[in-house]
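Visitor:
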Amino acid sequence: MTDLYKIALRNLLRYKRRTLLTASLITVGVVFVLIFVAVSGSFKAMMIGQITDSMMGHIQIHKKGYVASIDNLPLNLNLKSQAFARMDELLRSRKDIEASSPRLKFGGLFSNFAESTNVRLNGVYPEREFKTVPLLTSRITEGKKTIGKGEILIPALLAKGMKVKVGDPVVIVATNQDGSVNGKQFVVAGILEGVTGPGGRDGYIHIEDAAELLRMPALEISEIAIRLKDFDRLRPAFQEITKQLEAEFRKDDKFPLEIHTWEGLSPFFNIARMLDVMTFFIKLMLVALVLISVMNVMVMAVYERIREIGTMAAIGTPPGKILSLFMLEGLSLGVLGAITGGAAGFALLSVLNLSRITFDFGLQKGLLLRASVNPMDFVAIALIVILVSVVASLEPAFKASRMEPIVALRHV
Amino acid sequence: MSLVVAESITKDYRVGEVVVPALRGVSFAIDPASFVSFIGPSGSGKTTLLNLIGCLDAPTSGRMTVAGMDVGSLDRRQGAAFRGANIGFIFQDFNLLPVLTAYENIEYPLLMVRNVPPEERRRRVTELLEAVGMADQAGKRPDQLSGGQKQRVAVARALVAEPKVVLADEPTANLDSRTARTVIELMKTMRDQRRTTFIFSTHDQKLATEVEVLFRLEDGLLQSRRNGEE
Numbered sequence: 002m003t004d005l006y007k008i009a010l011r012n013l014l015r016y017k018r019r020t021l022l023t024a025s026l027i028t029v030g031v032v033f034v035l036i037f038v039a040v041s042g043s044f045k046a047m048m049i050g051q052i053t054d055s056m057m058g059h060i061q062i063h064k065k066g067y068v069a070s071i072d073n074l075p076l077n078l079n080l081k082s083q084a085f086a087r088m089d090e091l092l093r094s095r096k097d098i099e100a101s102s103p104r105l106k107f108g109g110l111f112s113n114f115a116e117s118t119n120v121r122l123n124g125v126y127p128e129r130e131f132k133t134v135p136l137l138t139s140r141i142t143e144g145k146k147t148i149g150k151g152e153i154l155i156p157a158l159l160a161k162g163m164k165v166k167v168g169d170p171v172v173i174v175a176t177n178q179d180g181s182v183n184g185k186q187f188v189v190a191g192i193l194e195g196v197t198g199p200g201g202r203d204g205y206i207h208i209e210d211a212a213e214l215l216r217m218p219a220l221e222i223s224e225i226a227i228r229l230k231d232f233d234r235l236r237p238a239f240q241e242i243t244k245q246l247e248a249e250f251r252k253d254d255k256f257p258l259e260i261h262t263w264e265g266l267s268p269f270f271n272i273a274r275m276l277d278v279m280t281f282f283i284k285l286m287l288v289a290l291v292l293i294s295v296m297n298v299m300v301m302a303v304y305e306r307i308r309e310i311g312t313m314a315a316i317g318t319p320p321g322k323i324l325s326l327f328m329l330e331g332l333s334l335g336v337l338g339a340i341t342g343g344a345a346g347f348a349l350l351s352v353l354n355l356s357r358i359t360f361d362f363g364l365q366k367g368l369l370l371r372a373s374v375n376p377m378d379f380v381a382i383a384l385i386v387i388l389v390s391v392v393a394s395l396e397p398a399f400k401a402s403r404m405e406p407i408v409a410l411r412h413v
Numbered sequence: 002m003s004l005v006v007a008e009s010i011t012k013d014y015r016v017g018e019v020v021v022p023a024l025r026g027v028s029f030a031i032d033p034a035s036f037v038s039f040i041g042p043s044g045s046g047k048t049t050l051l052n053l054i055g056c057l058d059a060p061t062s063g064r065m066t067v068a069g070m071d072v073g074s075l076d077r078r079q080g081a082a083f084r085g086a087n088i089g090f091i092f093q094d095f096n097l098l099p100v101l102t103a104y105e106n107i108e109y110p111l112l113m114v115r116n117v118p119p120e121e122r123r124r125r126v127t128e129l130l131e132a133v134g135m136a137d138q139a140g141k142r143p144d145q146l147s148g149g150q151k152q153r154v155a156v157a158r159a160l161v162a163e164p165k166v167v168l169a170d171e172p173t174a175n176l177d178s179r180t181a182r183t184v185i186e187l188m189k190t191m192r193d194q195r196r197t198t199f200i201f202s203t204h205d206q207k208l209a210t211e212v213e214v215l216f217r218l219e220d221g222l223l224q225s226r227r228n229g230e231e
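So the sequence lines, in the order shown, correspond to chains A and B.
Residues 2 to 413 (our numbering) are what the first sequence spells out, left to right.
Residues 2 to 231 (our numbering) are what the second sequence spells out, left to right.
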């Protein structure tokens, strides 16, 4: 096989310009795919990071039916304190959970004593919330990076619209479950930069203030946000948590909870999926490029070497070896293109990262592009290129191996 | 026992709707270690006959036996194996593989066809390079060799697998007369040393004097046979 490979390589070198041109085409294709995968992957990871780390967490638990009515922030679909306590204990016992944060969500009236407007609020335990969604503190552009009792973090658009600054007193009025109305005065502790997505323009108060405002005799919870230690374990962790909660809470074939990953809650999951689909089509284009290039070269190689094939066959070279020779030439082209494409792609990615390119996402400005390719992604792309090169050379190689020596020797 | 036996061989080619007879009932026998030539003008059927002996083609009718094997009955794979084991070829245009050196061209049948171990390959190739006087050109590729040198390499390649018969189709057609004579001498010497049967075609009357058995072909028919001593 080594000797056959040596002959195949020499045949490729015999037509240097053509080989270089084809290898360059494959290289450009590989570079293009690598850059696209890296940039779109970086954008996707950043986007998911922004959504999960700024407000959603990785997984959320609600009472059944809550998500369908989430726009109304229904108070009658809250988790009762006893159920929450059992859930909280269960979640805290899991080693793969970094943090979890119970939230009491409600809608209210925000007043600056001169005018009023609607506001969506999250009652949270600040420490648990900041651990679960660590980017929340980075969204606080003015004021304290925490929430004390009697304090409120308000979204920037609301602060601007209502002309409210840090330290200003405001009043929140909310309707509780019984339909009665209650108000409470707060001090603006900080201004929150809004982010795109559900909950991206909510305000925050302490959960005990929320319970007091809503006149809850015992604390109730609208949702529990969970942050995993390893985001890559999202799927198995989600399945395990669901299984555990089902075992704990399912009664008479009824499961009173609904558990979602961020994917089921955020419309951005569809954008992430679109990126995956686009990556797939880009890879498909690479397959077509390699297929056509290699096939073209191999068809030409067979056509130009018909007499040579005739000589090899006449001497007694088995058809299988002639087939292997041409397939090795195709394989070598693929390997060459994949290696040079990989090297050039990674070099370009380094340049791209060194250039410190920034972009905007929603209201987030100047996010740094960190383009990187998972080594397994590169291996997959390289294997696709090599495999397609072999497939592309199969037909011409087969034709060469089936050639009648007498016909081939007569070829002019 | 004869090495090559042709019995009433006919071969027709179809050119469009027209059937062109290339051989019309040819019979002959060739003994081992002979030095044989088929002579005749272009289109007389020399190449067709060599192709049939070399099992590159099958007769339309009749039977061609080489080393006891009916070569017309072999399929593609069997034909390749039979040629690799029993027949060496020398072509008019030398047909050396351009990406291989003289050494590697000679080594090719041992490597790709016969799977001979490296030590044995080296011994046989070196010996033949010496025998054809090309030892000092071993590392050169075909495009660096003259016509005569190429044909010497081709002779060595044809002999390296120790075939029973070497077929040479117009081996001197592309050589000047002096080189042609040298190549014929070389083939004769190889026959003497290795007892290999050489069968070649030529239309050069001068070379006819060099052979021991001469078949004259004309219009697909064997016109005469002459032995060297006759």
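The C-beta atom is built at its ideal place from N, Cα and C for all residues, glycine as well.
Along the segment 54–66 of chain B, where does the CB come closer than 8 Å to a CB of chain A? Name the residues.
Guide: Gly55, Leu57, Asp58
Visitor: What residues match up with alanine 100 of chain A in a beta bridge as DSSP calls it?
Guide: A:Arg228
Visitor: Which two residues bound the contiguous alpha helix (DSSP H) that contains arginine 399 of chain A?
Guide: A small correction: the amino acid at residue 399 of chain A is phenylalanine; arginine does not occupy that position in the sequence shown. First-last of the alpha helix (DSSP H) with phenylalanine 399 of chain A: 376–402.
Visitor: Closer than 8 Å is the cut-off here; do at least three beta carbon pairs connect the segment 270–288 of chain A with the segment 31–45 of chain A?
Guide: yes
Visitor: Beta-carbon of glutamate 309 of chain A versus every beta-carbon of chain B: anything under 8 Å?
Guide: yes
Visitor: Answer with buried or exposed for glutamate 230 of chain B, where buried requires no fewer than 16 other C-beta atoms within 10 angstroms of its C-beta.
Guide: Caution applies to glutamate 230 of chain B, whose pLDDT of 48 falls short of 50 and renders its modelled position unreliable; the value that the coordinates give is listed next. Glutamate 230 of chain B should be labelled exposed.
Visitor: Around the C-beta of glutamate 120 of chain B, are 16 or more other C-beta atoms found within 10 angstroms, so that it is buried, or is it exposed?
Guide: exposed
Visitor: Straight-line CA distance for alanine 30 of chain B to isoleucine 54 of chain B?
Guide: 11 Å
Visitor: Check the DSSP bridge columns for asparagine 123 of chain A and list the partner residues they point to.
Guide: Note: asparagine 123 of chain A sits in a beta bridge opposite A:Lys106, A:Tyr205.
Visitor: Please list, in chain order, all residues of the same chain as lysine 145 of chain A whose beta carbon is under 6 Å from its beta carbon, the five residues on each side excluded.
Guide: The answer, listed in chain order, is Ala190, Gly191.
Visitor: By the 10 Å Cβ neighbour count, where 16 or more other Cβ atoms means buried, how is glutamate 211 of chain B classified, buried or exposed?
Guide: buried
Visitor: Could you compute how far the alpha carbon of glycine 346 of chain A sits from the alpha carbon of phenylalanine 33 of chain A?
Guide: 8 Å
Visitor: Straight-line CA distance for isoleucine 316 of chain A to leucine 353 of chain A?
Guide: 55 Å
Visitor: Just the Cα atoms here: how many angstroms apart are glycine 338 of chain A and histidine 207 of chain A?
Guide: 59 Å
Visitor: Among the candidates B:Arg142, B:Asp94, B:Ala68, whose CA atom is the shortest distance from the CA of tyrosine 104 of chain B?
Guide: Looking at the Cα atoms, B:Arg142 is the closest of the given residues.
Visitor: Interface residues of chain A around alanine 136 of chain B at Cβ under 9 Å?
Guide: Going along chain A, no residue has its Cβ under 9 Å from alanine 136 of chain B, so there is no contact; the nearest lies around 22 Å.
Visitor: So is threonine 20 of chain A in contact with chain B if we call contact Cβ pairs under 8 Å?
Guide: no
Visitor: Note down, in chain order, each residue of its chain lying with its Cβ closer than 6 Å to the Cβ of glycine 46 of chain B, except the 5 sequence neighbours on either side.
Guide: Ala23, Leu24, Leu218, Gly221
Visitor: Count the other CB atoms, across all protein chains shown, that sit within 10 Å of the CB of lysine 106 of chain A; report buried if there are 16 or more and exposed otherwise.
Guide: buried
Visitor: So, does the CB of glutamate 230 of chain B fall closer than 8 Å to a CB anywhere in chain A?
Guide: In this predicted model, glutamate 230 of chain B has a pLDDT of only 48, less than 50, meaning its place in the structure is not dependable enough to derive any value.
Visitor: Is the distance from the Cβ of glutamate 264 of chain A to the Cβ of serine 82 of chain A below 8 Å?
Guide: At least 8 Å separates the beta-carbon of glutamate 264 of chain A from that of serine 82 of chain A.
Visitor: With H, G and I counted as helix, E and B as strand and the rest as coil, what does DSSP make of methionine 70 of chain B?
Guide: strand
Visitor: Would you call alanine 169 of chain B buried or exposed, if buried means 16 or more other Cβ atoms sit within 10 Å of its Cβ?
Guide: buried
Visitor: Opposite threonine 433 of chain A in the DSSP bridges: which residues?
Guide: With chain A covering 2 to 413 only, the question about residue 433 of chain A has no answer from this structure.
Visitor: Note down, in chain order, every chain A residue with its Cβ under 9 Å from the Cβ of asparagine 106 of chain B.
Guide: Going along chain A, no residue has its Cβ under 9 Å from asparagine 106 of chain B, so there is no contact; the nearest lies around 10 Å.
Visitor: For isoleucine 385 of chain A, which option in A:Ser102, A:Met286, A:Phe250, A:Ser356 has the closest C-alpha, if you only look at C-alpha atoms?
Guide: It is A:Met286.
Visitor: I'd like the span of the beta strand (DSSP E) that includes aspartate 277 of chain A, first residue to last.
Guide: Segment 269–305 is the alpha helix (DSSP H) holding aspartate 277 of chain A; no beta strand (DSSP E) there.
Visitor: What does DSSP give as the partner residues of aspartate 13 of chain B in its beta bridges?
Guide: DSSP lists B:Pro22 as partners of aspartate 13 of chain B.
Visitor: Pick helix, strand or coil for lysine 255 of chain A, following the three-state DSSP scheme.
Guide: In the structure shown, lysine 255 of chain A sits in a strand (DSSP, three-state: E or B).
Visitor: Got a sec? Which residues, its chain only, sit under 8 Å from phenylalanine 399 of chain A by beta carbon, not counting five neighbours each side?
Guide: Leu324
Visitor: Take the Cβ of aspartate 179 of chain A as the centre, count every other Cβ of all protein chains shown within 10 Å, and call the residue buried at 16 or more, exposed below.
Guide: It is exposed - the Cβ of aspartate 179 of chain A has fewer than 16 other Cβ atoms within 10 Å.
Visitor: How should phenylalanine 131 of chain A be labelled, buried or exposed, when 16 other C-beta atoms within 10 angstroms of its C-beta is the threshold for buried?
Guide: buried
Visitor: Take alanine 273 of chain A and list the residues in its own chain whose beta-carbon comes closer than 6 Å to its own, dropping the five residues that flank it on each side.
Guide: Lys45
Visitor: Quick one: is glycine 342 of chain A near chain B, going by C-beta distance under 8 Å?
Guide: No, glycine 342 of chain A does not count as interfacial toward chain B.
Visitor: With DSSP run on the structure shown, which of helix, strand or coil describes serine 333 of chain A?
Guide: helix
Visitor: How would you write the range of the alpha helix (DSSP H) that aspartate 4 of chain A sits in, first residue to last?
Guide: 3–15
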